[in-house]
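Presented below is the structure to which this report refers.
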Amino acid sequence: MPRELTQNRIQKIWIPSKDDKPAMPRRSAGGGPHLANPPTVIVMVGLPARGKTYMSKKLTRYLNWTGLPTKVFNVGEYRREAVKHYSFDFFKPDNQDAVKIRQQCALAALRDVKSYLTEEGGQIAVFDATNTTRERRDMILSFGSENGFEIFFIESVCDDPEVIASNIMEVKVSCPDYRDCSKAEAIEDFQKRIECYRVSYEPLDPDQYDRNMSFIKVIDVGRRFLVNRIQDHIQSKIVYYLMNIHVQPRTIYLCRHGESEYNLQGRLGGDSCLSSRGRKFAASLSGFVKEQNLKDLRVWTSQLRRSIQTAEALGVPYEQWKALNEIDAGVCEELTYDEVKERYPDEFSLRDQDKFYYRYPTGESYQDLVQRVEPVIMELERQENVLVVCHQAVMRCLLAYFLDKSADEMPYLKCPLHTVLKLTPVAYGCKVESITLNVEAVNTHRDRPELVKRGSGALIRRNSVTPLSSQEPFKKPRIDGVDDVSIPESPALLAHLGTQPLPVALSGQIRLATA
Amino acid sequence: MEDVTMATSPRELTQNPLKKIWMPYKNGLPEKHISQRKVCMTNCPTLIVTVGLPARGKTYISKKLTRYLNWIGVPTKEFNVGQYRRECVKIYKSFEFFRPDNEEGLKIRRQCALAALNDVRQYLGDEGGQVAVFDATNTTRERRGTIMRFAEQNSYKVFFVESVCEDPDQVKLGSPDYIDCNTEEAIEDFMKRIKCYENTYQPLDEVLDRDLSYIKIMDVGRRYLVNRVLDHIQSRIVYYLMNIHITPRSIYLCRHGESDLNVKGRIGGDSGLSVRGKEFARCLGHFIQEQNIRDLKVWTSQMKRTIQTAEALSVPYEQWKALNEIDAGVCEEMMYEEIQEHYPLEFALRDQDKYRYRYPKGESYEDLVQRLEPVIMELERQENVLVICHQAVMRCLLAYFLDKSAEELPYLKCPLHTVLKLTPVAYGCKVESISLNVEAVNTHRDRPEMPGNHGDGHVM
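So this is what it looks like as structure tokens:
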């Protein structure tokens, strides 16, 4: 007998139930690709300053945003935890003690990878280290095979001295390793560090040694790619993403349409026109855009009248994306919040219980929005200067991607009317500037209600499309058996050091203000 | 309430009644200023040029890529130089034609290439084409140089697709050249033909061709080399090419079993299966078991009726929101008669251009295709799959596999309780229609007869 179906109240997903109790669905109901695959370990490969950490963090942010629990394990951080004083001598291939420590750090990181993927619900782990020798990679491959993990290598190859120098300036000079050095000293030391690795570097060899491995070689910052043996959907998506990102400086502007008639009435959704204040905002936006004096600005809108009206005021060409339409409130479209509370009191409270997963009856959820908006993100990555004129929920989704916000935070991000967010990529993250255009508007933001039980919400948290922030509360990496190893300190090193080492921080990470 | 007056007031917007798109207008007429987001946002056409020895899958790739691009809305056409040659040299005699020292042969082959390029120019210039696929061996640098000069003169972007394969088991015999030969003869001649090309073959080179945009496909997709992807369309093409494979497999498409709303003659909604629908689900279960399919994946939408159908199979399945039926907006759960009564204009518009017509607050077939693209991409990656979906959705998927145009798509026959089994064969797709012999209502509406239409004229 086929099982009876019951509709989950928050996500509106039909699942089989037995005796009035929902049975666990046989598969994930995320509405997306098959997610119960074996976990994947992405292994970065390359000399220092080749953008491995940049790619690791960016990729992790993207994968988390699409709902695949992903985490970066940066072996350098483990090393910084183990080794309080630093110089490039540590990386000399003949420094036996250091080699031992580095090995232990790698193993400690792998141990945490295993724990993340088998016990903590992780799907993908990014093992961020140089991994430049076959010996090291073979060890990782054994680790993968013992634990049933898929292994995918991402190698970054680049010999352009300008690119290297620029990378060093951007993220290495300010890294904790060099907190007590001048810029020039840092650069010099780092170059020497690179040389230590270069001697033993064995690049991935697609013709012989590594021909059966799954990997992508990123050459010259994305000018060329070599892709070998993609195994599954996740690897295919990763390759597509890496091929679309670039490092050209550019700015992304996010804003909502000007205040609309429905905003004034406190109504959800619909397709109303701009109010007079909204029209004023559009005119101010035009002035603002002109002031920014950008080369080749693309302007994108949704297909709803209020965003198009806003763009019209700019007097420049724009493109309409249906994918940028506001979240579909289903049966609640065009109602005020009071009317919703009155006519659909259950729905009203369910939404407050779990705003990310909550799907309006015959409408959408934030979770659905993320899937819908993903091609926009992909194209944003390809583009340079773009202004996106969209809507509250949509803007929250986009912002969550750029600022690495979790599913939990996303529906409560502040995206007020008549405010432009200017996003500029910087180091490993994104700088945000919030620019209010000084035109009054109603406030459409509803804070997270206080006394809300963080509910059972979605049934299948592990496998559903759940953006998790990549920034987890900081856990100090543990390295066993390191305490009793002493590192011979070079006189030069001692000369540099003075004060106590500062508490370890995640390298290169920039925490910036939310909107 | 004051109007804000500015030096130039923003233009007024009007909503196109068919597609429900807001556009600026002047003097009562819509302006062709803004663009709706299309795949190809530039005015610059793209020339895709295949490269490779005979029997490396160039034509297979060309046709498949053309079909995909057309389906996502990029007007694309392939130009197979071999076709032109077959027109020219009516009867194919032997591989001798391809010998590098055969002056006559060389001359004809060159003329054919030029004739094809001329047609490319016409397609991309006058006929509204966006992408042309120039399918030939193009194995010499000289030939590729000619093509690039041609492209430069016409401001086309060029993207090369090279197929390299060391594995000799890829000989194709489906070619029209070998229709009248017995197999052994054919193979022998073909091998000699390949030899003619091999000596002058100059593959795309990492150094010499470093400024060109291309993808080199090696060993039928085991490995790819991608160089200088310039724009969105090239990026999509690369992604597509990296996801397709040639492993034999079958795709089964069917609709959910008959639903309660089907029985009432109502569209959309989220009802459960009728008694007959449940019967179908049971039969489907038996059918699947009989087929004895290896590693079958089952996909459904997130609507109750497809999930109920899948439940009867007692196998794991995945729910895709992207497979949900077309959103009929304000017309959801109405009967066609009711729509005609309450929204006569909408009813008429839909019959005018069923592909582009968007229900008020709903979707169009055109929207559906965009929504379904990730499903198609994943179908390409997968092997044996059963997709349990809905009428409009199934039409879209079918149109992709059978290369049906936007005009034909909304009228493809996808009756309830019938499974379509699609098996890739040569350059296309074999379709078997299997009716599971459970009665159901007919939800199909033919193209209405209108002046200039060639429909069956049977309006439900």
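So the sequences go chain by chain: A and B.
Just so you know, we're using the numbering used here here: the first sequence kicks off at 96 and counts up by one.
Just so you know, we're using the numbering used here here: the second sequence kicks off at 26 and counts up by one.
Every residue, glycine too, gets a C-beta built ideally from N, C-alpha and C.
List the whole-angstrom C-beta distance separating residue i from residue j, where the pair is believed to meet the contact cut-off of C-beta under 8 Å.
i: I235 of chain A; j: V138 of chain A; result: 6 Å
i: V481 of chain A; j: R393 of chain A; result: 5 Å
i: I401 of chain B; j: Y380 of chain B; result: Between Y380 of chain B and I401 of chain B the Cβ distance is about 17 Å, and since that is not below 8 Å, they are no contact.
i: G458 of chain A; j: D423 of chain A; result: 4 Å
i: D160 of chain B; j: T84 of chain B; result: 6 Å
i: R491 of chain A; j: M505 of chain A; result: 5 Å
Would residue i be called buried (16 or more neighbouring beta carbons within 10 Å of its own) or exposed?
i: G153 of chain B; result: exposed
i: P435 of chain B; result: buried
i: T448 of chain B; result: exposed
i: R330 of chain B; result: buried
i: N462 of chain B; result: exposed
i: H483 of chain B; result: Here the model assigns H483 of chain B a pLDDT of 36, short of 50, so the residue's position is not dependable and the matter cannot be decided.
i: V294 of chain A; result: exposed
i: G170 of chain B; result: exposed
i: I110 of chain A; result: buried
i: H415 of chain B; result: buried
i: T405 of chain A; result: buried
i: S34 of chain B; result: exposed
i: A451 of chain B; result: exposed
i: P79 of chain B; result: buried
What would DSSP say about residue i, mapped onto helix, strand or coil?
i: T91 of chain B; result: helix
i: M264 of chain A; result: helix
i: L299 of chain A; result: coil
i: N268 of chain B; result: helix
i: Q344 of chain B; result: strand
i: N103 of chain A; result: coil
i: I14 of chain B; result: Past the edges of chain B, shown from 26 to 485, lies residue 14 of chain B, and the structure says nothing about it.
i: W96 of chain B; result: helix
i: E357 of chain B; result: coil
i: M402 of chain B; result: helix
i: Q515 of chain B; result: The structure shown does not extend to residue 515 of chain B, since chain B is modelled only from 26 to 485, so the question has no answer here.
i: F443 of chain A; result: helix
i: E187 of chain B; result: strand
i: V620 of chain A; result: Look at the range of chain A in this structure, 96 to 610, and you will see that residue 620 of chain A is not part of it.
i: L363 of chain A; result: coil
i: Y425 of chain B; result: helix
Please tell me whether residue i and residue j are closer than 9 Å, where the distance is taken between their beta carbons.
i: Y249 of chain B; j: I258 of chain B; result: no
i: L369 of chain A; j: H352 of chain A; result: yes
i: F611 of chain A; j: M338 of chain A; result: Summary: the structure shown does not reach residue 611 of chain A, with chain A confined to residues 96 through 610, and so no result is reported for it.
i: M173 of chain A; j: A220 of chain A; result: The question names Met, yet the displayed sequence has Tyr at residue 173 of chain A. No.
i: N163 of chain B; j: V76 of chain B; result: yes
i: L397 of chain B; j: L427 of chain B; result: no
i: D108 of chain A; j: Y453 of chain A; result: In the sequence under discussion, the amino acid at residue 108 of chain A is Ile, which differs from the Asp named in the question. Going by C-beta atoms, I108 of chain A is not nearer than 9 Å to Y453 of chain A.
i: L393 of chain B; j: P42 of chain B; result: no
i: V189 of chain B; j: I73 of chain B; result: no
i: N533 of chain A; j: S381 of chain A; result: no
i: I50 of chain A; j: L154 of chain A; result: One cannot answer for residue 50 of chain A here, as it falls past the ends of chain A, which runs 96 to 610.
i: P301 of chain A; j: G217 of chain A; result: no
i: Y181 of chain B; j: P70 of chain B; result: yes
i: G611 of chain A; j: V537 of chain A; result: Residue 611 of chain A is absent from the model: chain A starts at 96 and stops at 610.
Is residue i near the ligand FMN - that is, is its Cβ less than 8 Å away from at least one heavy atom of it?
i: D285 of chain B; result: Absent from the structure shown: the ligand FMN. Ligands present: none.
Original post:
Does the stretch 423-437 of chain A come close enough to the stretch 379-394 of chain A to have 3 or more Cβ pairs within less than 8 Å?
Top reply: no
Original post:
Does the stretch 509-519 of chain A come within contact of the stretch 407-422 of chain A, defined as at least 3 CB pairs closer than 8 Å?
Top reply: no
Original post:
With contact counted as at least three CB pairs below 8 Å, one residue from each stretch, are the stretch 258-270 of chain A and the stretch 144-154 of chain A in contact?
Top reply: yes
Original post:
Should the stretch 371-379 of chain A be regarded as contacting the stretch 318-332 of chain A, the criterion being three or more beta carbon pairs within less than 8 Å?
Top reply: no
Original post:
Any chance the stretch 418-425 of chain A sits against the stretch 467-487 of chain A, with 3 or more Cβ pairs inside 8 Å?
Top reply: yes
Original post:
Does the stretch 460-471 of chain B come close enough to the stretch 329-343 of chain B that 3 or more CB-CB pairs lie under 8 Å?
Top reply: no
**OP:** Count the CB pairs spanning the stretch 272-283 of chain B and the stretch 406-413 of chain B that are closer than 8 Å, and state whether there are at least three.
**Re:** yes
**OP:** Mind the definition here: the stretch 372-391 of chain B touches the stretch 350-360 of chain B only if three or more C-beta pairs lie below 8 Å; say whether that holds.
**Re:** yes
Subject >> Validate contact between the stretch 99-111 of chain B and the stretch 78-91 of chain B using beta carbons, cut 8 Å, 3 pairs >> reply: yes
**OP:** Could you say if the stretch 283-292 of chain A and the stretch 180-196 of chain A meet the contact criterion of at least three C-beta pairs nearer than 8 Å?
**Re:** yes
Original post:
For the 8 Å Cβ check, are there 3 or more pairs between the stretch 311-319 of chain A and the stretch 249-260 of chain A?
Top reply: yes
Original post:
Between the stretch 147-164 of chain A and the stretch 217-232 of chain A, do at least 3 Cβ pairs fall closer than 8 Å?
Top reply: yes
**OP:** Would you check if there are 3 or more beta carbon pairs closer than 8 Å linking the stretch 220-233 of chain B to the stretch 117-125 of chain B?
**Re:** yes
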